[in-house]
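Chains Z and X are the protein sequences, given in the same order. Those letters in the first sequence? Residues 1 to 325, per this note's numbering, in order. Those letters in the second sequence? Residues 326 to 650, per this note's numbering, in order. Read through the structure below, which is laid out as structure tokens, and then see the notes.
2 protein chains.
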Amino acid sequence: MVRVGIFGYGNLGRGVEKAIKQNPDMTLVAVFTRRNPQDLKIETADATVCNVKDIAEYKDKIDVMILCGGSATDLPTQTPDMAKYFNVIDSFDTHARIPEHFKNVDAAAKEGGKVAIISVGWDPGMFSLNRLYSAVILPEGKDYTFWGKGVSQGHSDAIRRIDGVLDAKQYTIPVPEALERVRSGENPDLTTREKHTRECFVVAEDGADLSRIENEIKTMPNYFADYDTTVHFISKEELVRDHSKMGHGGFVIRSGKTGDGNSHIIEYSLKLDSNPEFTSSVLVAYARAAFRLNNEGVKGCKSVLDIAPSYLSIKSGEELRKELL
Amino acid sequence: MVRVGIFGYGNLGRGVEKAIKQNPDMTLVAVFTRRNPQDLKIETADATVCNVKDIAEYKDKIDVMILCGGSATDLPTQTPDMAKYFNVIDSFDTHARIPEHFKNVDAAAKEGGKVAIISVGWDPGMFSLNRLYSAVILPEGKDYTFWGKGVSQGHSDAIRRIDGVLDAKQYTIPVPEALERVRSGENPDLTTREKHTRECFVVAEDGADLSRIENEIKTMPNYFADYDTTVHFISKEELVRDHSKMGHGGFVIRSGKTGDGNSHIIEYSLKLDSNPEFTSSVLVAYARAAFRLNNEGVKGCKSVLDIAPSYLSIKSGEELRKELL
Numbered sequence: 001m002v003r004v005g006i007f008g009y010g011n012l013g014r015g016v017e018k019a020i021k022q023n024p025d026m027t028l029v030a031v032f033t034r035r036n037p038q039d040l041k042i043e044t045a046d047a048t049v050c051n052v053k054d055i056a057e058y059k060d061k062i063d064v065m066i067l068c069g070g071s072a073t074d075l076p077t078q079t080p081d082m083a084k085y086f087n088v089i090d091s092f093d094t095h096a097r098i099p100e101h102f103k104n105v106d107a108a109a110k111e112g113g114k115v116a117i118i119s120v121g122w123d124p125g126m127f128s129l130n131r132l133y134s135a136v137i138l139p140e141g142k143d144y145t146f147w148g149k150g151v152s153q154g155h156s157d158a159i160r161r162i163d164g165v166l167d168a169k170q171y172t173i174p175v176p177e178a179l180e181r182v183r184s185g186e187n188p189d190l191t192t193r194e195k196h197t198r199e200c201f202v203v204a205e206d207g208a209d210l211s212r213i214e215n216e217i218k219t220m221p222n223y224f225a226d227y228d229t230t231v232h233f234i235s236k237e238e239l240v241r242d243h244s245k246m247g248h249g250g251f252v253i254r255s256g257k258t259g260d261g262n263s264h265i266i267e268y269s270l271k272l273d274s275n276p277e278f279t280s281s282v283l284v285a286y287a288r289a290a291f292r293l294n295n296e297g298v299k300g301c302k303s304v305l306d307i308a309p310s311y312l313s314i315k316s317g318e319e320l321r322k323e324l325l
Numbered sequence: 326m327v328r329v330g331i332f333g334y335g336n337l338g339r340g341v342e343k344a345i346k347q348n349p350d351m352t353l354v355a356v357f358t359r360r361n362p363q364d365l366k367i368e369t370a371d372a373t374v375c376n377v378k379d380i381a382e383y384k385d386k387i388d389v390m391i392l393c394g395g396s397a398t399d400l401p402t403q404t405p406d407m408a409k410y411f412n413v414i415d416s417f418d419t420h421a422r423i424p425e426h427f428k429n430v431d432a433a434a435k436e437g438g439k440v441a442i443i444s445v446g447w448d449p450g451m452f453s454l455n456r457l458y459s460a461v462i463l464p465e466g467k468d469y470t471f472w473g474k475g476v477s478q479g480h481s482d483a484i485r486r487i488d489g490v491l492d493a494k495q496y497t498i499p500v501p502e503a504l505e506r507v508r509s510g511e512n513p514d515l516t517t518r519e520k521h522t523r524e525c526f527v528v529a530e531d532g533a534d535l536s537r538i539e540n541e542i543k544t545m546p547n548y549f550a551d552y553d554t555t556v557h558f559i560s561k562e563e564l565v566r567d568h569s570k571m572g573h574g575g576f577v578i579r580s581g582k583t584g585d586g587n588s589h590i591i592e593y594s595l596k597l598d599s600n601p602e603f604t605s606s607v608l609v610a611y612a613r614a615a616f617r618l619n620n621e622g623v624k625g626c627k628s629v630l631d632i633a634p635s636y637l638s639i640k641s642g643e644e645l646r647k648e649l650l
């Protein structure tokens, strides 16, 4: 049995708890929270809820700690802190800061003699893997990542910061024509605007200047200015009723040529009802790999790119060759 | 530089030669043939053509031997024979015999202190990888593999063995409605007949009994009896003109649930202009991995399931994390 701890009990932590139940070789030992443990109700009867300050007591009771905090402020310190005591998995997704995070976590994991696997999930994660596999097979080619349809947390937050906005949800949507051009093998150069559109559902304060809000959204640099953006003003009730789902997905497509101009298309796509539950399921599979690798004496920081796929499975090499090859 | 040898110069061997040219860290040293070397013209000016009987002379001149023979009679002996002297890659694809082949190759590779990676290509190969990754993420789910549209060599050969048939090509075609049902998350139980149709283009001898041939095809056990099969009789010229392409492809889809009934679809698909060139490109990427692993002291037989993705790339771990994660 792989004894798992969950650090942080938001959407991701709850998803990890559910995913552990689907994996018969894994058991949840404890959930760690910064709140009062008495105030937290979890689904697993035989697991405990602890305050993070007591985490050191669990050093020998937990094989892998799955960190379920956010990339902005939690993981940059939590992952290296925890990697000194536990094998750890995180879903750090600030792409530009991954090299720095890797370095910090690597030093801590080596100090602790543990394995840390960072940036696990679907992007970074499964999408990164597919970019790598496709690139090595088709070195003369081009790859394209499309996201959506799904809610972007960052873009929704950006709208919420506008004066007069009470709440908002923003959907990133791939442009169907762009997808078709890529799939045709045309290898187009696509601008930001040609790849995705953005659709916003906004709850405004009573009496707010809607056209000012709409204009502020559509002209916001980095977030919206380079996209065709649609803004809908709706009521708080409509937002809750119609836009509470956490579905997401996307496409990684590589189009390349071999020999004398033979064209090939490799496409990987995800259609997810629940973004956090899918991410959690990936985290749990990599927890198994971290545990096994550390048992073999491996130490230090890894990403999904460094993990041999067979380490992710509950099945033996013999079973995998027989059933999946 | 990874110094590569090619054993066998059919469609696959020629594809490997072309793929090596797309990888700046790899160089072709020699092509080995059972024919008279003088009769073989290859594309690489600075590589030699040798008879297989002289292969032992290349023991220290070649880092990885890519075996390009067939699975029926060549690879079961060639791969273990060569694994005593070289790191080897093969595309052994007789699914039912993979465990036995693995065992034989493993013993030979361990004896030689070499790395052998077997069953490399797209199925087995990239499709196997996707079945594994998807299964570990969605343990409560079901996976579906569809092949085509593309020519099946085995089925074309089976038709050619019928009395009165001069030549034939058989296309395996996924049923679009079945694909859509799977993508919808319905998790259908599909019969063989519901998943694929078979379309045959047959050149018959003058005066042959066409309805007898058509009937023999459609009722052939294992190959055609369980499918909806269409047979077209055409001329030799039409066969060459319209059916000489080697395109293929297919789909691996897993549909599964997490938490309280959230549904997820993971889909991987290939659309290939040239089946042998794509397979060759996969072989060459795994040749790089075999070379690196052996340099690290690894020995024995592996499959694509055992290879960490980063070993496939010419780029450093640092570059990969920065560019692909």
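Built from N, CA and C at the ideal position, the CB exists for glycine as well. Quick caveat: nothing in here was measured; it's all calculated off a predicted structure.
Per the DSSP calculation, tyrosine 496 of chain X is bridged to which residue(s)?
X:Val476, X:Glu524
Assuming leucine 320 of chain Z and tyrosine 286 of chain Z make a contact with CB atoms under 8 Å, what is their CB distance in whole Å?
So it is not a contact: roughly 17 Å between Cβ atoms.
Quick one: which residues of the stretch 261 to 273 of chain Z get their C-beta closer than 9 Å to a C-beta of chain X? List them in chain order.
Gly261, Asn262, Ser263, His264, Ile265, Ile266, Glu267, Tyr268, Ser269, Leu270, Lys271, Leu272, Asp273
Closest Cβ-Cβ distance between threonine 33 of chain Z and chain X: below 8 Å?
no
How is the beta strand (DSSP E) around leucine 630 of chain X delimited, first residue to last?
Per DSSP, leucine 630 of chain X belongs to no beta strand (DSSP E) and is neither H nor E.
Start and end residues, alpha helix (DSSP H) containing leucine 179 of chain Z:
176 to 183
Note down the Cα distance separating leucine 210 of chain Z from glutamate 199 of chain Z, rounded to an integer number of angstroms.
16 Å
Partners in chain Z for glutamine 347 of chain X, counting only beta-carbon separations shorter than 8 Å:
Pro139, Glu140, Thr258
Minimum length 4: unbroken alpha helix (DSSP H) runs contained in the stretch 327 to 362 of chain X
With a minimum length of 4 residues, the continuous alpha helix (DSSP H) runs that stay inside the stretch 327 to 362 of chain X are 336 to 346.
Bridge partners of phenylalanine 326 of chain Z, per DSSP?
Outside the displayed range of chain Z (1 to 325) lies residue 326 of chain Z, so it cannot be described from this structure.
Over the uninterrupted beta strand (DSSP E) stretch that includes tyrosine 458 of chain X, give me the two end residues.
Counting along the chain, tyrosine 458 of chain X falls outside any beta strand (DSSP E), though it belongs to the alpha helix (DSSP H) covering 451 to 462.
From the DSSP output, which residues share a beta bridge with valine 165 of chain Z?
Z:Ala204
Is the CB of glycine 333 of chain X under 8 Å away from at least one CB in chain Z?
no
Contact defined as beta carbons within less than 8 Å: I believe lysine 110 of chain Z pairs with glycine 300 of chain Z. What is the distance between those atoms, to the nearest angstrom?
5 Å
C-alpha distance - aspartate 531 of chain X paired with glutamate 539 of chain X, whole-angstrom precision:
15 Å
Candidates X:Trp472, X:Ser481, X:Ser588: closest to serine 281 of chain Z by CA position:
The alpha carbon of serine 281 of chain Z has as its nearest neighbour, out of X:Trp472, X:Ser481, X:Ser588, the alpha carbon of X:Ser588.
Outcome for lysine 195 of chain Z when other beta-carbon atoms lying within 10 angstroms are tallied against a minimum of 16:
buried
Between the stretch 619 to 634 of chain X and chain Z, which residues of the former have a C-beta closer than 9 Å to a C-beta of the latter?
Lys627, Ser628, Val629, Leu630, Asp631, Ile632, Ala633, Pro634
List the residues that DSSP assigns as beta-bridge partners of serine 263 of chain Z.
Z:Lys257
Could you name the residues of chain Z that glycine 340 of chain X contacts, counting a contact when the two beta carbons are closer than 9 Å?
Thr258, Gly259
Counted within 10 angstroms of its Cβ, other Cβ atoms place methionine 65 of chain Z as buried (16 or more) or exposed
buried
Residues near alanine 19 of chain Z in its chain [Cβ-Cβ closer than 6 Å; skip 5 each side]
Ser280, Ser281, Val284
Considering leucine 67 of chain Z, what are the terminal residues of the beta strand (DSSP E) in which it resides?
64 to 67
Below-8 Å beta-carbon distance, lysine 322 of chain Z vs any chain X residue:
yes
Where DSSP assigns a beta bridge to alanine 441 of chain X, which residues make up the other side?
X:Val413, X:Cys626
Just the chain X side, please: which residues come within less than 9 Å of alanine 108 of chain Z by C-beta, in chain order?
Contact of alanine 108 of chain Z with chain X by beta-carbon distance below 9 Å is absent, the smallest such distance being about 17 Å.
Just reading off the beta strand (DSSP E) that phenylalanine 549 of chain X is part of, what are its end residues?
Unbroken run through phenylalanine 549 of chain X: none, as it is neither H nor E.
Since histidine 243 of chain Z meets chain C, which of its residues come closer than 9 Å, beta carbon to beta carbon?
Among the protein chains in the structure shown, which are Z and X, there is no chain C.
Are any of the Cβ atoms in chain Z nearer than 8 Å to that of leucine 650 of chain X?
Taking Cβ atoms only, chain Z reaches closer than 8 Å to leucine 650 of chain X, which makes this a yes.
Could you check what DSSP says for asparagine 619 of chain X in three-state terms: helix, strand or coil?
helix
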